[in-house]
Amino acid sequence: KIIKRAGGVDNAGTTKDFTFYYQKLAPDRLHLSIKLEADRMRNLIMDPDETLSERDVVMEERRMRYEDDPQNLVYEEVMAAAFKSHPYRWPVIGWMPDLKTITRDNLWKYYRARYIPNNALIVVAGNIDVEAIMKKIKKEFGPIPKGPEIELFKVDEPLQRGERRVYVEKEAELPYVMCAYKTPNVLHEDSYALDVLAGVLSGGKSSRIYRSLIDEQRIALSAGAGYSSFNKYPNLFYLYGTPLPGKNIEDVENALYAEIEKIQREAPSEREVQKAKNQIEADFIMNQDSLFYRVMLMAQFEIIGGRDLKETYLEGIRNVTSEEVRQVAEKYLVKDQRTVGTLIPLKNNNDKAQISNHDKVH
282 KIIKRAGGVD
292 NAGTTKDFTF
302 YYQKLAPDRL
312 HLSIKLEADR
322 MRNLIMDPDE
332 TLSERDVVME
342 ERRMRYEDDP
352 QNLVYEEVMA
362 AAFKSHPYRW
372 PVIGWMPDLK
382 TITRDNLWKY
392 YRARYIPNNA
402 LIVVAGNIDV
412 EAIMKKIKKE
422 FGPIPKGPEI
432 ELFKVDEPLQ
442 RGERRVYVEK
452 EAELPYVMCA
462 YKTPNVLHED
472 SYALDVLAGV
482 LSGGKSSRIY
492 RSLIDEQRIA
502 LSAGAGYSSF
512 NKYPNLFYLY
522 GTPLPGKNIE
532 DVENALYAEI
542 EKIQREAPSE
552 REVQKAKNQI
562 EADFIMNQDS
572 LFYRVMLMAQ
582 FEIIGGRDLK
592 ETYLEGIRNV
602 TSEEVRQVAE
612 KYLVKDQRTV
622 GTLIPLKNNN
632 DKAQISNHDK
642 VH
């Protein structure tokens with residue numbers, strides 16, 4: 282209410298790596314944001330009734346975004362099957378049984394342990410007086426005592442020893458498949474070639490997957506590839522597809538693998554690679570036209586490994602060669618490191634689909 286009365290907007294969100302709170306205000310009102318965030322860090326009042334109410338809101342959000350969205354359910358199950366000890370195996374919003382049983386005491390302990398100065402990052406952008414802002418930050422946050430050192434999560438993911446498959450049975454019109462492979466984050470030199478590989482496979486209507494599965498073979502309603510290197514820990518490179526009505530999901534899955542195998546045998550053309558690099562660079566630059574995105578990117582890179590990544594990322598993309606794209610496809614996109622999730626549509630609760638003799642998760 283205070284921010285709104287001052288003519289601003291505020292909101293919050295959570296990613297795989299951090300929770301963030303943001304406010305947009307006129308420069309002469311920025312002191313309000315700093316004061317309120319410092320107050321949030323040390324003086325939060327966690328009313329039991331309000332806590333229960335907010336829990337219900339989160340549960341409803343989960344129902345809408347995951348329980349009622351078959352493709353998101355597949356993604357969730359793939360993440361949980363692909364990773365065994367990695368933090369990304371848990372959905373950001375949480376599993377429903379955990380949401381149902383979480384208590385005010387659980388939340389309070391987490392708040393006291395994590396909402397401390399030595400676990401926080403402040404990013405300010407816009408037409409500001411840096412010296413005045415720093416003075417205000419020190420005034421408001423300086424008196425808050427430093428908390429105990431937080432030990433960073435150690436990712437010691439065991440070696441995957443073969444393909445894993447999960448099946449999701451859910452009311453849906455069409456089946457869907459997602460094929461995911463473990464890959465490094467932006468701190469690894471291979472991440473740049475993986476970014477370009479995703480662009481070659483799925484960067485618009487002239488990309489390989491679109492041309493092959495949608496235009497030429499006409500077996501897929503939608504299909505593509507995705508990879509995000511902007512994470513603190515290694516993540517997944519994934520392929521996905523939905524067949525056209527009457528077409529076979531297995532044919533879509535095999536066609537996706539065929540596109541990978543082509544690149545593993547023969548590097549993509551210089552023209553394809555340059556087009557993908559141009560698109561990545563254009564998207565990266567244009568997104569920063571938004572001050573909000575620029576601030577988020579600064580925070581993200583600082584948390585991952587330092588703000589210098591913002592300057593070195595495009596250089597890494599520009600230096601990728603066609604052969605490097607082939608090499609990362611050969612190195613990472615292999616069957617033994619693959620986790621596949623398949624959506625099996627149920628027309629109604631009585632229509633149990635027949636699935637293969639595979640275990641649901643193995």
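Under the numbering used here, the letters of the sequence shown match residues 282 to 643, in that order.
Where a beta carbon is used, it is the ideal one built from N, C-alpha and C, also for glycine.
Enclosing alpha helix (DSSP H) for residue i [first to last residue]
{"i": "I315", "result": "311 to 324"}
{"i": "K381", "result": "377 to 382"}
{"i": "T593", "result": "590 to 599"}
{"i": "G480", "result": "471 to 483"}
{"i": "L614", "result": "Here L614 belongs to no alpha helix (DSSP H), and DSSP marks it neither H nor E."}
{"i": "S334", "result": "329 to 343"}
{"i": "L416", "result": "Checking the sequence, you will find Lys at residue 416 rather than Leu. Note, K416: alpha helix (DSSP H), 411 to 422."}
{"i": "N353", "result": "351 to 363"}
{"i": "D437", "result": "Where D437 is concerned, there is no enclosing alpha helix (DSSP H), given that its DSSP letter is neither H nor E."}
Residue interval of the beta strand (DSSP E) (run including residue i)
{"i": "F518", "result": "516 to 524"}
{"i": "N292", "result": "290 to 295"}
{"i": "T300", "result": "300 to 305"}
Strand pairing of residue i, partner residues [DSSP]
{"i": "V458", "result": "G522, T623"}
{"i": "E452", "result": "L627"}
{"i": "Q608", "result": "Q608 is not bridged to any residue."}
{"i": "S550", "result": "Per DSSP, none; premise fails for S550."}
{"i": "A506", "result": "L520"}
{"i": "V447", "result": "G622"}
{"i": "T464", "result": "N516"}
{"i": "K501", "result": "Reading off the sequence shown, one finds Ala at residue 501, where the question assumed Lys. Beta-bridge pairing links A501 to P524."}
Classification of residue i by the beta-carbon crowding that lies within 10 angstroms, buried from 16 upward
{"i": "S334", "result": "exposed"}
{"i": "Y302", "result": "exposed"}
{"i": "H643", "result": "Any answer about H643 is weak, because its pLDDT of 33 lies below 50 and its placement is not dependable; what the coordinates show is given next. Looking at its Cβ environment, which holds fewer than 16 other Cβ atoms inside 10 Å, H643 is exposed."}
{"i": "I490", "result": "buried"}
{"i": "E452", "result": "exposed"}
{"i": "M567", "result": "exposed"}
{"i": "Y574", "result": "exposed"}
{"i": "V601", "result": "buried"}
{"i": "E358", "result": "buried"}
{"i": "S550", "result": "exposed"}
Sub-7 Å separation of residue i and residue j beta-carbons
{"i": "A506", "j": "R445", "result": "no"}
{"i": "P626", "j": "P456", "result": "yes"}
{"i": "F511", "j": "V467", "result": "yes"}
{"i": "V242", "j": "A501", "result": "With the chain represented from 282 up to 643, any question about residue 242 goes unanswered, as that position is not in the structure."}
{"i": "K513", "j": "D298", "result": "yes"}
{"i": "M459", "j": "V609", "result": "no"}
{"i": "Y473", "j": "G597", "result": "yes"}
{"i": "A504", "j": "L517", "result": "no"}
{"i": "L590", "j": "F582", "result": "yes"}
Neighbourhood of residue i by C-beta distance below 6 Å, restricted to the same chain and skipping five residues each side
{"i": "I431", "result": "N400"}
{"i": "R323", "result": "I425"}
{"i": "Y613", "result": "Y462, T464"}
Cβ neighbours of residue i in the same chain (closer than 7 Å, five flanking residues each side left out)
{"i": "V404", "result": "V576, M579, A580"}
{"i": "F422", "result": "A319, P398"}
{"i": "S488", "result": "V481, L482"}
{"i": "N408", "result": "P308"}
Residues of its chain near residue i, where Cβ-Cβ distance is below 8 Å and the 5 sequence neighbours each way are ignored
{"i": "Q560", "result": "G480, G484, G485"}
{"i": "E611", "result": "Q545"}
{"i": "L317", "result": "I283, I284, Q304"}
{"i": "S366", "result": "V436, D437, E438, P439"}
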